[in-house]
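Scroll down for the structure; my scribbles are underneath it.
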Amino acid sequence: MFAISTFTVLVAFVGYALAQESHVVSMINNCGSGTPVFLDEANANFQGSGTVQGQLLGGIAWIDGFAGADCLSSGVNCGAVEFTLRNDAPNQNAADFTLEAQSANGNHQFTYPMFFQYLGGGACNGLGDSCPSAGDCPDAFTDPTNGKPIQCTGVNAGIEITFC
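The sequence shown runs -19 to -1, 1 to 145 under mature numbering (1 follows the signal peptide of the UniProt record, and there is no 0).
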């Protein structure tokens, strides 16, 4: 007689559920120059739009090669969108703008308009924020303590980021 323990079934189920985690990152560039890219904690290579399998922690997106600005890796010298997309408890997804001008924090400056919104993810779907100008970006982090991330809980939430 074949017996399967409850633990074995639980481990298999959790493994299957985690394997199914994925997050779409869609980036749109209406600026006329450069390429929208992002990197995250798991992949330090620049990536374009696509689907990430598993958690996406510490993502940061910017326009690489934007004309008239010296945008470096992680959006240094330019504005950027930071984001984390994850399914594990408490299914917390977060996104915000960084305009932290201090050199220790990346010398992030307003360079181009930015907008983001969540795609899917249940209650996250459609939530977003905009940063159309340097004077109209009230939720942006201008130092590590003063911004307002847009947070929500939901499974397999994606994000659409639009520049310009």
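Yeah, the Cβ is synthetic: ideal placement off N, Cα and C, and Gly gets one too.
May I ask which residues mark the beginning and end of the beta strand (DSSP E) holding residue i?
i    : result
N74  : 73 to 79
L108 : From DSSP, L108 is part of no beta strand (DSSP E); its letter is neither H nor E.
S7   : 3 to 10
T143 : 139 to 144
Y93  : Neither: Y93 is in no beta strand (DSSP E) and is coded neither H nor E.
E22  : Unbroken run through E22: none, as it is neither H nor E.
A50  : It is not in any beta strand (DSSP E) - A50 carries neither H nor E in the DSSP assignment.
Q36  : Per DSSP, Q36 belongs to no beta strand (DSSP E) and is neither H nor E.
Once you ignore the five residues that flank residue i on each side, which residues in its own chain have a CB closer than 8 Å to its CB?
i    : result
D77  : V62, E63, F64, D110, D120, A121, F122, G128, K129, P130, I131
G107 : Q98, Y99
L20  : N26, F27, Q28, G40, I41, S54, S55
P17  : M8, I9, N10, G29, S30, A42, W43, I44, D45, I142, F144
With 16 other CB atoms within 10 Å as the buried threshold, where does residue i fall?
i      : result
E22    : exposed
I9     : exposed
N74    : buried
A115   : exposed
A42    : buried
A70    : exposed
G87    : buried
G49    : exposed
T79    : buried
F(-13) : The predicted position of F(-13) is uncertain, since its pLDDT is 39 and thus under 50; a value taken from the coordinates is nonetheless stated next. Exposed, since its Cβ has fewer than 16 Cβ neighbours within 10 Å.
Please confirm whether residue i and residue j have their CB atoms less than 8 Å apart.
i           : j    : result
F97         : I140 : yes
residue 161 : H89  : Not covered by the structure: residue 161. The range shown for the chain is -19 to 145.
V5          : T32  : yes
E81         : D51  : no
S84         : Q34  : no
S30         : S14  : no
Going by beta carbon distance, what residues of the same chain come within less than 6 Å of residue i, once the five residues before and after it are set aside?
i   : result
R67 : Q36
Q1  : none
Under 7 Å Cβ to Cβ from residue i, same chain only, skipping five residues before and after it: list those, please.
i    : result
V136 : N68, N72, G102, G103
C12  : I44, F47, Y93, F144, C145
P113 : P94
C105 : N74, Y99, C133, G135, A138
Should residue i be counted as a contact of the ligand HEM given a C-beta to heavy atom distance under 7 Å?
i   : result
L20 : The ligand HEM is not part of the structure shown, which contains no ligands of any sort.
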